[in-house]
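Asks: Below: one structure in C-alpha cells.
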Ligand SMILES: Cc1cc2nc3c(=O)[nH]c(=O)nc-3n(C[C@H](O)[C@H](O)[C@H](O)COP(=O)(O)OP(=O)(O)OC[C@H]3O[C@@H](n4cnc5c(N)ncnc54)[C@H](O)[C@@H]3O)c2cc1C
C-alpha cells in the first residue's frame, strides 16, 4: 500500500514536472517568436527608407525612385541637376539631345552670374573650354567710343565675366551633374506632364529608341527653354518678340578693346561683338521686327554688307565681310516674357521656360543661376518633398525672393534695348544720345549702370534712379544754355517717353514684388513641418 502510494506520488510529481517543463518550453518559444517578430518589424521599418542616399540619410520610400524630375539639361537644367544632386536628392534628368549644342545663345556670362556659379560649386565648368575673361563693355556711337569697366575691385581677382561656346559650357555642366551617383541623365523628349487632381505627378516621355515611358517624382522642374511646350499649364505666357539676332563668327581678328563686350549703337538697332574663344569673336546683329531678310536668297548677306558693315569699327570690317562670305549665318528670335506663374503642386518652371528678357545685356544665364541658388536654399531644410500642396504653398516665396536679381536684369534689358534703338522721333534720339553721354561721364554714372547690368548690384531702385538721371541729364542739356519752347517740348516728350519705356516693364515685373518685397505675405513662408 505504502509502495502504491509512493508510485502514485512519483507519477503525479513527474506529471507536474513535465507540465512545468512544457510550460517553460512554451514560454521560451513564445519569447523567441516575439523576438523574431520584433526583429522583422524593425527591418521592415528600415526598408521604408531608400538606402541609396547620400551622407547616410534615410528617406521615406515613395512610389517613384526619384525625388525630382528635371525636363531639359540646358543651362538651367544641368546646373539645377548638379545642385540638387549634390544636396542628396535623387534626380532624373530628361534631355531631348545630349550631344553638344551648337547655338548662338548664352555665350557671355556676366560677373554676377559667375559669382552664382561659384556659389553652386560649378565655376570649374568655365575651365578647359577656352573661355575668355570679360572685364566690361565698350560702347560705340557715331565714331566715338567709351569704355565701361565692371566694378570688380571688391572681388577676388578670378571674378569677371566669362564668354565661351554655349555648347561647351553646357556639356561641362552635364558631365559634372552626371558624375553624381544619384543623378540620372537620360536622353528623351518629354511630351506631357502627368497630372492627377491638380497635382503634377511626373512626365510622359519618348526615349531615344522611340519607347513611350512615364516617370514619376514628387517634384517636376520644367527647364525646357525659350520654346517651351510644357509651360502653358504652369504659367500665363505672354511672349513678346521685339527683334531677332543674326549671328556670325569672326575669326582671327582683334577687338578694339580686348576682353570687353562691344556694343555699337547702330541704326536701326544695336550690334554686339564679344570673344567666344581665343580665336573667335561672336557678332550678333539685332534686326527689329519679326520679318528677317532671307538667308537663302542672299538678302541677308546683302543687308549685312550694305547696312551693317559700314557701321562697325574698322578693325573688324574685313573679318566681318569674310564671315558673311563664309555663309554660316544663324538667326534667333529675341523673346521677352515676364514671370507669371500659376503655382501648381508638384511642378515648377525655371530658366527661359519661366522668364525671358531681351538678350542685349546677356542676363539670361545670370537670372537662371541666381534662381537656382534661391530654390536650393528654399529646398535645403526639406527632406521629404511628397506633400505637394504644402510644398507648393511654401515655394510661392521663390517668386518674391528671386525678384531683386531677376527684375533688375529684366527691366534693364528691356529698357536699354528700347533706348539703344534708333528712332525717327527726336525725343527718343535725345534720350539715346543722353544715355551714351551719361555713361561716358565715368564715376558712378558708368559704374552704377554697369553694376546693375552685370548682376553685381541687384537693386531695382538704383536702376530707376539711374534711368531717370539719364532722362533728366538729357532734358538739362536740351534746356541749357537757353531754353526755347521747342526744346522745352522735346524735353517734356523725352521724360514722357522714358516713363513710357520703364513703367510698363515695372508693371509687368510687379511693382510690389520689385520694390516692396517685404510686404508680400509669401516672402515669409516657413518650410512645411513634416
Ligand atoms: C540670341 C540670344 C543670345 C543670348 N545671349 C546670352 C548671353 O550672352 N548671356 C546670357 O546670360 N544669356 C543669353 N541669352 C539667354 C540664354 O541663352 C538663356 O537665358 C539660357 O540659355 C536659358 O537656359 P535654359 O536652360 O532655360 O534653356 P536652354 O539652355 O535653351 O535649355 C533648354 C533645354 O531643354 C531641352 N528641351 C527642350 N524641350 C524639351 C523636351 N520636350 N524634352 C526634353 N528636353 C527638352 C533642350 O534640348 C535644351 O537642352 C541669349 C538668348 C538669345 C535668344
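Numbering (UniProt numbering), first residue to last: 1 to 530. Think of the CB as a built atom: it goes at the ideal place given N, C-alpha and C, for glycine as much as any other residue. Just so you know, these numbers come straight off a predicted model, no measurement behind them.
1. Pick from 180, 134 and 170: whose alpha carbon is nearest that of residue 89?
2. What do you reckon, are the CB atoms on residue 348 and residue 395 nearer than 8 Å?
3. Report the residue from 119, 105 and 111 whose alpha carbon sits nearest the alpha carbon of residue 532.
4. State yes or no: is the C-beta of residue 565 nearer than 7 Å to some heavy atom of ligand 1?
5. Tell me whether the beta-carbon of residue 203 lies closer than 8 Å to the beta-carbon of residue 193.
6. If we call anything under 8 Å between Cβ atoms a contact, is residue 71 one with residue 230?
7. With residue 477 as the anchor, note down where its alpha helix (DSSP H) starts and where it stops.
8. Leaving out five residues before and five after residue 517 in sequence, what residues of the same chain have Cβ atoms less than 6 Å from its Cβ?
9. Count the C-beta pairs between the region 245–257 and the region 206–221 that are closer than 8 Å, then say yes if the count reaches three, no if not.
10. Note down, one range per segment and in chain order, each alpha helix (DSSP H) of at least 4 residues found wholly within the region 142–216.
11. Which residues in the same chain as residue 76 place their Cβ atom closer than 6 Å to its Cβ, once the five residues preceding and following it in sequence are excluded?
12. Once the 5 residues before and after residue 520 are set aside, which same chain residues still bring their CB inside 7 Å of it?
13. Taking the beta carbon of residue 44 as the centre, do at least 16 other beta carbons fall within 10 Å, making it buried, or is it exposed?
14. Pull up the CB-CB distance for residue 412 and residue 150, whole angstroms please, since I reckon it's below 8 Å.
15. Within its chain, find whatever has a CB closer than 7 Å to the CB of residue 152; leave out the 5 residues flanking it on each side and keep chain order.
16. Spell out a yes or no on whether the region 463–479 and the region 407–424 are touching, meaning 3 or more CB-CB pairs, one atom from each, closer than 8 Å.
17. Starting from residue 405, trace the alpha helix (DSSP H) in both directions and tell me its first and last residue.
18. Kindly give me the distance between the Cβ atoms of residue 272 and residue 261, rounded to whole angstroms, as I take these residues to be in contact under 8 Å.
19. Using a Cβ distance threshold of 8 Å, determine whether the region 421–436 contacts the region 489–496, with at least three qualifying pairs required.
20. Distance check for residue 94 and residue 189, CA to CA, integer angstroms please.
21. Indicate whether the contact test is met: 3 or more Cβ pairs, each with one atom in the region 200–215 and one in the region 255–270, closer than 8 Å.
22. Let me make sure I understand the geometry here. Which of 372, 502, 274 and 268 has the alpha-carbon closest to that of residue 86?
23. Determine, using beta-carbon pairs with one atom in the region 434–448 and one in the region 467–475, whether at least three such pairs fall under 8 Å.
24. Under the DSSP definition of a beta bridge, which residues are partnered with residue 339?
25. Identify whether residue 138 lies in helix, strand or coil by the three-state DSSP scheme.
26. Measure the C-alpha to C-alpha separation of residue 408 and residue 292 and round it to an integer number of angstroms.
27. Counting only the same chain and skipping the five closest in sequence on each side, list residues whose C-beta sits under 6 Å from that of residue 123.
28. Please report the straight-line C-alpha distance between residue 66 and residue 91, rounded to a whole angstrom.
29. Quick one: complete beta strand (DSSP E) runs, 3+ long, within the region 217–270?
30. From this set, 485, 298 and 256, which residue's C-alpha is nearest residue 326's C-alpha?
31. Quick check on residue 396: does DSSP put it in helix, strand or coil?
32. Looking at residue 103: is its Cβ nearer than 8 Å to the Cβ of residue 133?
33. Could you tell me the distance, in whole angstroms, from the CA atom of residue 389 to the CA atom of residue 233?
34. How would you call residue 441, buried or exposed, if buried means at least 16 neighbouring beta carbons within 10 angstroms?
35. Looking at ligand 1, does it come within less than 7 Å of residue 284, judged from the CB to the closest heavy atom?
Replies: Reading from the atomic positions:
1. Along the chain shown, one-based indexing puts residue 89 at 89. When only C-alpha atoms are compared, the closest one is 180.
2. As a position in the chain shown, residue 348 is number 348, starting the count at 1. As a position in the chain shown, residue 395 is number 395, starting the count at 1. In this structure, residue 395 lies closer than 8 Å to residue 348 by Cβ.
3. Here the chain has residues from 1 to 530 only, and residue 532 is not among them.
4. Coverage of the chain is limited to positions 1 through 530, which leaves residue 565 absent and any answer about it impossible.
5. As a working mapping, residue 203 is identified with position 203 in the chain shown. As a working mapping, residue 193 is identified with position 193 in the chain shown. Yes, the pair counts as a contact, with Cβ atoms nearer than the cut-off.
6. Stepping through the chain shown from its first residue, residue 71 is reached at position 71. Stepping through the chain shown from its first residue, residue 230 is reached at position 230. Yes. Within cutoff.
7. Here residue 477 corresponds to residue number 477 of the chain shown, with the count starting at 1. Segment 460–479, the alpha helix (DSSP H) holding residue 477.
8. What you label residue 517 is simply residue 517 of the chain shown in a count that begins at 1. Listed in chain order, the non-local C-beta contacts of residue 517 below 6 Å within the same chain comprise 400, 403 and 523, local neighbours out to five positions each way being set aside.
9. No, the region 245–257 is not in contact with the region 206–221.
10. Scanning the region 142–216 from its first residue to its last, the whole alpha helix (DSSP H) runs of 4-plus residues come out as 166–178.
11. Position 76 of the chain shown, counted from the first residue, corresponds to residue 76. Excluding residues within five positions, the ones whose Cβ falls inside 6 Å are 223, 350, 351 and 368.
12. Here residue 520 is taken as the residue at index 520 of the chain shown, counted from 1. Hits under 7 Å: 400, 512 and 513.
13. Counting from 1 along the chain shown, the entry for residue 44 is found at position 44. Residue placement at residue 44 cannot be trusted, given a pLDDT of 36 that sits under 50; what the coordinates show is reported in the next sentence. Residue burial is scored here from C-beta neighbours: residue 44 has fewer than 16 other C-beta atoms within 10 angstroms and is therefore classed as exposed.
14. The residue given as residue 412 occupies position 412 in the chain shown. The residue given as residue 150 occupies position 150 in the chain shown. The Cβ separation is near 14 Å, so there is no contact.
15. Here residue 152 refers to the residue found at position 152 when the chain shown is read from its first residue. If we look at residue 152 and ignore the five residues flanking it on each side, its Cβ neighbours are 111, 159 and 160.
16. Judged by Cβ distances under 8 Å, the region 463–479 makes contact with the region 407–424, as three or more pairs qualify.
17. The residue labelled residue 405 in the question sits at position 405 within the chain shown. Annotation: the continuous alpha helix (DSSP H) that includes residue 405 extends over 403–420.
18. For the purposes of this step, residue 272 is taken as residue 272 along the chain shown, with counting starting at 1. For the purposes of this step, residue 261 is taken as residue 261 along the chain shown, with counting starting at 1. The pair is a contact, with the Cβ atoms about 7 Å apart (cut-off 8 Å).
19. A contact exists between the region 421–436 and the region 489–496.
20. Translated into positions along the chain shown, residue 189 becomes position 189. Translated into positions along the chain shown, residue 94 becomes position 94. Straight-line measurement puts the Cα of residue 94 at about 7 Å from the Cα of residue 189.
21. Output reads no: the region 255–270 does not touch the region 200–215.
22. Counting from one through the chain shown, the residue named residue 86 turns up at place 86. When only C-alpha atoms are compared, the closest one is 372.
23. At 8 Å Cβ cutoff, the stretches touch.
24. Residue numbering aside, residue 339 sits at position 339 when the chain shown is read from its first letter. None; residue 339 has no bridge partner.
25. Position 138 of the chain shown holds residue 138. Three-state DSSP puts residue 138 in a strand.
26. Start at 1 with the first residue of the chain shown, and residue 408 comes out as number 408. Start at 1 with the first residue of the chain shown, and residue 292 comes out as number 292. Here the alpha carbon of residue 408 sits roughly 30 Å from the alpha carbon of residue 292.
27. The residue you call residue 123 lines up with position 123 of the chain shown. Answer for residue 123: 117, listed in chain order.
28. Taking the chain shown and counting its residues from 1, one reaches residue 66 at position 66. Taking the chain shown and counting its residues from 1, one reaches residue 91 at position 91. Whole-angstrom Cα-Cα distance: 6 Å.
29. Runs of beta strand (DSSP E) with 3 or more residues, each lying fully within the region 217–270, are found at 219–222, 240–251 and 260–264, listed in chain order.
30. Reading the chain shown from its first residue, position 326 is the one you call residue 326. Closest in C-alpha terms to residue 326, from the list 485, 298 and 256, comes 298.
31. One-based indexing of the chain shown puts residue 396 at position 396. Here residue 396 sits in helix by DSSP.
32. As a position in the chain shown, residue 103 is number 103, starting the count at 1. As a position in the chain shown, residue 133 is number 133, starting the count at 1. The Cβ atoms of residue 103 and residue 133 do not sit closer than 8 Å to each other.
33. As a working note, residue 389 is residue 389 in the chain shown. As a working note, residue 233 is residue 233 in the chain shown. Looking at the two C-alpha atoms, the distance is approximately 17 Å.
34. As a first step, residue 441 is located in the chain shown; it is residue number 441 there, counting from the start. By the 10 Å Cβ count, residue 441 comes out exposed.
35. Walking along the chain shown from the start, residue 284 turns up at place 284. Residue 284 has its Cβ nearer than 7 Å to a heavy atom of ligand 1.
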